[in-house]
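S.K.: Take a look at the following structure, please.
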Amino acid sequence: MHRARHVGFVFGGLLLAAAPALAGTIRVAWDPVPDAQGYRVYYGTVSGQYTQSLDVGPATETTLTGLADCTTHFVAVKAYNAAGESASFSNEISGWPRPVVGTIAPQAVMQGNQVSVTIRGSNFQGGLAVETDNPYVFFAGAAPATCTEIRATLTAEPMAPGLRAAPIGLFGLTVVNPDGVFGSRTAAYEVLINPARFDVDQRDPATRGRLDGRDTIWIARLFAARETDPLYQPDSDLDGDGWIDGNDLAYIASRLGQCWNGLQWSSSSCPESFQAP
Amino acid sequence: MSARYAIVISAVLLLVSACGGGGDGGVVGGGGSTPSLQASFVPDNPNPTSNDVAMLAGTSADDRVQIRVTLTDVNDVFGAAFDVTYDATAVQLDRWLPGNLLEQSGASPLYFVETPVPGRTVVSAQLLGASSGVNASGTQTLIVLVFRVLRTGSFALGFEAASVSDSQFPPQPIVGLRWSAGTLLGT
Numbered sequence: 000m001h002r003a004r005h006v007g008f009v010f011g012g013l014l015l016a017a018a019p020a021l022a023g024t025i026r027v028a029w030d031p032v033p034d035a036q037g038y039r040v041y042y043g044t045v046s047g048q049y050t051q052s053l054d055v056g057p058a059t060e061t062t063l064t065g066l067a068d069c070t071t072h073f074v075a076v077k078a079y080n081a082a083g084e085s086a087s088f089s090n091e092i093s094g095w096p097r098p099v100v101g102t103i104a105p106q107a108v109m110q111g112n113q114v115s116v117t118i119r120g121s122n123f124q125g126g127l128a129v130e131t132d133n134p135y136v137f138f139a140g141a142a143p144a145t146c147t148e149i150r151a152t153l154t155a156e157p158m159a160p161g162l163r164a165a166p167i168g169l170f171g172l173t174v175v176n177p178d179g180v181f182g183s184r185t186a187a188y189e190v191l192i193n194p195a196r197f198d199v200d201q202r203d204p205a206t207r208g209r210l211d212g213r214d215t216i217w218i219a220r221l222f223a224a225r226e227t228d229p230l231y232q233p234d235s236d237l238d239g240d241g242w243i244d245g246n247d248l249a250y251i252a253s254r255l256g257q258c259w260n261g262l263q264w265s266s267s268s269c270p271e272s273f274q275a276p
Numbered sequence: 000m001s002a003r004y005a006i007v008i009s010a011v012l013l014l015v016s017a018c019g020g021g022g023d024g025g026v027v028g029g030g031g032s033t034p035s036l037q038a039s040f041v042p043d044n045p046n047p048t049s050n051d052v053a054m055l056a057g058t059s060a061d062d063r064v065q066i067r068v069t070l071t072d073v074n075d076v077f078g079a080a081f082d083v084t085y086d087a088t089a090v091q092l093d094r095w096l097p098g099n100l101l102e103q104s105g106a107s108p109l110y111f112v113e114t115p116v117p118g119r120t121v122v123s124a125q126l127l128g129a130s131s132g133v134n135a136s137g138t139q140t141l142i143v144l145v146f147r148v149l150r151t152g153s154f155a156l157g158f159e160a161a162s163v164s165d166s167q168f169p170p171q172p173i174v175g176l177r178w179s180a181g182t183l184l185g186t
């Protein structure tokens, strides 16, 4: 048997590492052909007109590299053995290179804020989606302004009291094109703690806007409550890690006696009644 | 899960030690730049009764004096929060020591003592994660504040923004408490 049979394709979607910038990649895979000793992948930017080829040996998948960004590439495969190459190509597939996620600006967002962000990279297609590994951060209205720039609205919870806060720290971004091909970047942006949330016990108007023992007592009473506990209270989970713990207590305790001026906690922001006697 | 617990607890312990507290038994150390100065404390309410929160005199040595912040016959105490005010040109907070009230719970009480502005020390003492409070039977000490007087004279201490909370959630202020402080003397 000297002819390729049943050469099929699927676009691979399993490569998690971001592709090198400005060097587009497409990963292709196909069904093996009986009696084939190897395969040659043909590709180009016009359907049916393949200007380049790559002998991948007996492998049934490969990643094409060095492709022009933001360009549709067409790919087909032939099988070969000692008798030569199959006469016909496999079915042809087409698509853009894998999205490459570069930078996001602004790179940091505070809990409880909604900001417009710009994601730069390449191979962004209309209809894409932006995803993140922070379950309490959302990207809405994501759309490419160009194939190298996405505009979106980033929301970091909590946008209202009683909602779980976005965990703080560095998080990854994934851009998924409509064909399911995606590109990711780890530690792409940072969620910052929102110090305006530290005043957890605001029941007493006299001490509202000031951090004192009432706030530490509040957290201490909830200490070790995790997200699944009935006692867990999202507003007291300051760092959004799903636990009310020593970290939450420390945010308050380290600012004991300080007052909120709308931007930060400081002792000089306290009213006369809390200044030196 | 147990590993996570260990991380949380160690974070809290670090915090406590960073606050400068210690539990060495409460003997006031002598010495200082003006050894001839003698400190003492005159409480406003030397004989507290039920529902009193009172500053009482502890031991003194040279220019330092212990002041015990006490509660008398108060039930279900989870924590207390208050400011102590004083003339910072005449008085300094030297250190603090845990009292016996919260320590009896076995629930790892936490103390935070900060002086954000001269003359105003913010104190917070609480149990940690306990589902019930402790009872102050008779007069028991919540925390000991060790003050140092810097010159001769009488200098008033005061309580401000003061409350004692019970173990409900959210913790509720215990109503009907009477707060009394006192006067530091430097002689």
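Chains as they are written, first to last, in numbering that gives the first Met the number 0: chain X, 0 to 276; chain U, 0 to 186.
Every residue, glycine too, gets a C-beta built ideally from N, C-alpha and C.
In this text, all values refer to a predicted model and were calculated from it rather than measured experimentally.
Can you pull the chain X residues whose beta carbon is under 7 Å from the beta carbon of Ala87 (chain U), in chain order?
M.R.: Residue numbering aside, residue 87 (chain U) sits at position 88 when the second sequence is read from its first letter. For Ala87 (chain U), the residues of chain X that pass the 7 Å Cβ criterion are Ala275, in the order they occur in the chain.
S.K.: Go through its chain and collect everything with a Cβ distance to Arg97 (chain X)'s Cβ below 6 Å, but skip five positions before and after it.
M.R.: Taking the first sequence and counting its residues from 1, the one referred to as residue 97 (chain X) is at position 98. The residues are Ala18, Thr24, Val180 and Gly182.
S.K.: In this structure, does DSSP put Leu21 (chain X) in helix, strand or coil?
M.R.: Your numbering for residue 21 (chain X) matches position 22 in the first sequence. Low confidence applies here, because Leu21 (chain X) scores a pLDDT of 42, under 50, leaving its location unreliable; read the following figure in that light. It is coil, neither helix nor strand.
S.K.: At a Cβ cut of 7 Å, what residues of the stretch 99-121 of chain X count as close to chain U, listed as they run along the chain?
M.R.: none
S.K.: Hey, is Asp211 (chain X)'s beta-carbon within less than 8 Å of any beta-carbon in chain U?
M.R.: Within the first sequence, numbered from 1, the residue matching residue 211 (chain X) stands at position 212. Yes - at least one Cβ of chain U is within 8 Å of the one on Asp211 (chain X).
S.K.: So that I know if they touch, is there some Cβ in chain U lying closer than 8 Å to that of Ser266 (chain X)?
M.R.: For the purposes of this step, residue 266 (chain X) is taken as the residue at position 267 of the first sequence. Yes, because at least one Cβ of chain U sits closer than 8 Å to the Cβ of Ser266 (chain X).
S.K.: How far does the beta strand (DSSP E) with Asn80 (chain X) in it extend, from its first residue to its last?
M.R.: Position 81 of the first sequence holds residue 80 (chain X). First-last of the beta strand (DSSP E) with Asn80 (chain X): His72 to Asn80.
S.K.: Does any C-beta atom of chain X lie closer than 8 Å to the C-beta of Ser104 (chain U)?
M.R.: Residue mapping note: residue 104 (chain U) aligns to position 105 of the second sequence, counting from 1. Judged by the 8 Å Cβ criterion, Ser104 (chain U) is not in contact with chain X.
S.K.: Residues of the stretch 121-135 of chain U in Cβ contact with chain X at a cutoff of 7 Å, in chain order, please.
M.R.: Val121, Val122, Ser123, Gln125, Leu126, Leu127 and Gly128
S.K.: Hey, does Ile25 (chain X) have any beta-carbon neighbour from chain U nearer than 8 Å?
M.R.: In the first sequence, the residue the question calls residue 25 (chain X) occupies position 26. Judged by the 8 Å Cβ criterion, Ile25 (chain X) is not in contact with chain U.
S.K.: Return no unless some Cβ of chain U is closer than 8 Å to the Cβ of Thr206 (chain X).
M.R.: The sequence position of residue 206 (chain X) within the first sequence is 207, counting from 1. So, interface residue.
S.K.: Between which residues of its own chain and Ala144 (chain X) is the CB-CB distance below 6 Å, once the five residues before and five after are set aside?
M.R.: Locating residue 144 (chain X) in the first sequence gives position 145, counting from the first residue. Counting only Cβ-Cβ distances below 6 Å, and skipping sequence neighbours, we find Arg150.
S.K.: Please classify Glu226 (chain X): does DSSP put it in a helix, a strand, or coil?
M.R.: Start at 1 with the first residue of the first sequence, and residue 226 (chain X) comes out as number 227. Coil at Glu226 (chain X), not helix or strand.
S.K.: Using a beta-carbon distance cut-off of less than 8 Å, what residues from the stretch 156-169 of chain X approach chain U?
M.R.: none
S.K.: Return the chain-ordered list of same chain residues with a C-beta closer than 6 Å to the C-beta of Gln187 (chain U), the five sequence neighbours on each side being excluded.
M.R.: With chain U covering 0 to 186 only, the question about residue 187 (chain U) has no answer from this structure.
S.K.: Please decide whether Ile92 (chain X) counts as near chain U, where near means a Cβ-Cβ distance under 8 Å.
M.R.: As a position in the first sequence, residue 92 (chain X) is number 93, starting the count at 1. Cβ-Cβ to chain U under 8 Å: no for Ile92 (chain X).
S.K.: Check whether the Cβ of Gln124 (chain X) lies closer than 8 Å to any Cβ atom in chain U.
M.R.: On the first sequence, residue 124 (chain X) is found 125 positions in, with the first residue counted as 1. With 8 Å as the cut-off, Gln124 (chain X) does not count as an interface residue toward chain U.
S.K.: Give the DSSP-derived three-state secondary structure of Glu113 (chain U) in the structure shown.
M.R.: The residue given as residue 113 (chain U) occupies position 114 in the second sequence. In this structure, Glu113 (chain U) counts as strand in the three-state DSSP scheme.
S.K.: Where do the N-terminal and C-terminal ends of the beta strand (DSSP E) with Ala180 (chain U) fall, by residue?
M.R.: Position 181 of the second sequence, counted from the first residue, corresponds to residue 180 (chain U). No beta strand (DSSP E) contains Ala180 (chain U), which DSSP labels as neither H nor E.
S.K.: Contact between the stretch 222-237 of chain X and the stretch 78-98 of chain U: three or more CB pairs below 8 Å?
M.R.: Contact fails between the stretch 222-237 of chain X and the stretch 78-98 of chain U, because fewer than three Cβ pairs, one in each stretch, are under 8 Å apart.
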